[in-house]
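See below for the structure under consideration.
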Amino acid sequence: MFCPVIVTENPTSYMLKLLMYGMGKRQVKNESALKEIRLPEEGEQFGRVMKMLGGENVMVKCADNLIRRGRIRGKLKRRVWIRDNDIVIIAPWDFNDAERGDIVWRFTLPQVEWLKDNNHIPKDF
């Protein structure tokens, strides 16, 4: 929101007042309101992050009881921080699908509770 300030002083103080009043911190009130819940599409499945391997690689235990090495996609790499025990959506690769996959989504804690309440994932997942 832009708040015009008329100042007859030097231009530097005008810019400071413009920055102080015109722009502010972006406030996030509730983390669950940031995103809608995305469910796995065909060829994707739920997984739980077991261990961070470094770089863009994580070890994920998938819903089909296979342990895959997941790669954090570039779209998520610096925007979404993935930690141990996070619930994610993993898309196994077309080749080497039993060992590797791409992480395409991370769920927040309120979203995980919603998934458990609506029987999309087991309670002990």
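The sequence shown maps to residues 1 to 125 in the UniProt record's numbering. For glycine and all other residues, C-beta sits at the position ideal for the given N, C-alpha and C. As the structure is a computational prediction, the values presented were derived from the model and not from experiment.
Boundaries of the beta strand (DSSP E) in which residue i is found, first to last residue
| i | result |
| --- | --- |
| G54 | Q45 to G54 |
| K77 | That residue, K77, is in no beta strand (DSSP E); its alpha helix (DSSP H) goes G74 to K77. |
| N57 | N57 to C62 |
| W105 | R100 to R106 |
| I89 | I87 to P92 |
Residue environment, residue i, which counts as buried when at least 16 other CB atoms sit within 10 Å
| i | result |
| --- | --- |
| D64 | exposed |
| W81 | exposed |
| P92 | buried |
| E41 | exposed |
| D102 | buried |
| K29 | Residue confidence is low: K29 scores 46 on pLDDT, short of 50, so the model does not pin down where it sits. No coordinate-derived value is stated. |
Alpha carbon of residue i to alpha carbon of residue j, nearest angstrom
| i | j | result |
| --- | --- | --- |
| D84 | N118 | 23 angstroms |
| E113 | D94 | 31 angstroms |
| M50 | R106 | 14 angstroms |
| M36 | N96 | Strictly speaking, residue 36 in this sequence is Glu, with Met absent from that position. About 31 angstroms. |
| K77 | E99 | 21 angstroms |
| R79 | T108 | 14 angstroms |
Residue range of the alpha helix (DSSP H) that includes residue i
| i | result |
| --- | --- |
| W114 | L109 to D117 |
Closer than 8 angstroms: residue i CB and nearest the ligand PLP heavy atom
| i | result |
| --- | --- |
| M50 | In terms of ligand content, the structure shown is empty, and the ligand PLP therefore cannot be addressed. |
Rounded distance between the beta-carbons of residue j and residue i, thought under 8 angstroms
| i | j | result |
| --- | --- | --- |
| K61 | R48 | 5 angstroms |
| E44 | V104 | 7 angstroms |
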